[in-house]
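S.K.: Going by our numbering, 53 is the number at position 70 of the sequence shown; the sequence numbering is gapless. Shown below is the structure under consideration.
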Amino acid sequence: MKGTEAPKTSIPAVEQRPKDQQTIYSATERTKLERSVERRQERAESVVSIALRHPGFPPPPKITGHSFQCPYCRLDFRAAEAEKARWSQHVMQDFEPYFCPVEQCTKPFDLPNHFDGLLHHLQDHVEERFHVNLPSGEHQDLGILRNEVMSPTRT
-16 MKGTEAPKTS IPAVEQRPKD QQTIYSATER TKLERSVERR QERAESVVSI ALRHPGFPPP
44 PKITGHSFQC PYCRLDFRAA EAEKARWSQH VMQDFEPYFC PVEQCTKPFD LPNHFDGLLH
104 HLQDHVEERF HVNLPSGEHQ DLGILRNEVM SPTRT
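Pasting the structure below:
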């Protein structure tokens, strides 16, 4: 029956977007993006660190004469080393742990307990290399030039 057809209703068209840009909202209803401006922080964030003196530093040993023996490292020192600032620095050095951070090291804790000892130990892990400044201004590793330097010159 031609005269009794139901009227066609128009369905609003949904914007077709590439699949990677489709969202639930874009597929179901038309929405407007509301751009709200985020308020900026007035002040920058900062991190504060402080150094606190450990209240439990052991007191300096009793001095009988011009020198004393440190009860921790067993070394003899002049009496002046027993002053508060020097003594606390010495105690910190005695307890400061020095160890080798190289993973392949077979004896990471077998080194002197001071920075120079650690530095000397670390240098044992590194191949000794020499550098040469060439007349052209180039800076080269001697390892590259070793064959030229060590080989007899040809004429």
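The beta carbon of each residue, even a glycine, is placed where N, CA and C say it ideally should be.
#1: Can you round the beta-carbon distance between Asp124 and His108 to whole angstroms, since I take them to be within the 8 Å contact cut?
#2: Between which two residues does the alpha helix (DSSP H) harbouring Phe60 extend?
#3: Using 8 Å for Cβ pairs, my map puts His73 next to Ala62. What's the rounded Cβ distance?
#4: Could you pull the start and end residues of the alpha helix (DSSP H) that Phe98 belongs to?
#5: Considering just the uninterrupted stretch of the alpha helix (DSSP H) at Asp77, what are its terminal residues?
#6: Assuming Pro95 and Cys83 are in contact, meaning their beta carbons sit under 8 Å apart, how far apart are those beta carbons, in whole angstroms?
#7: Between Phe98 and the rest of its own chain, which residues show a CB-CB distance below 6 Å, the 5 nearest in sequence each way excluded?
#8: Please report the distance separating the alpha-carbon of Lys67 from that of Pro42.
M.R.: Short version:
#1: Actually they do not touch by this definition, with Cβ atoms about 18 Å apart.
#2: Here Phe60 belongs to no alpha helix (DSSP H); instead the beta strand (DSSP E) covers 59 to 61.
#3: In fact, because the Cβ distance is near 13 Å, the residues do not count as touching under 8 Å.
#4: 98 to 107
#5: 67 to 78
#6: That pair is no contact at about 12 Å.
#7: none
#8: 8 Å
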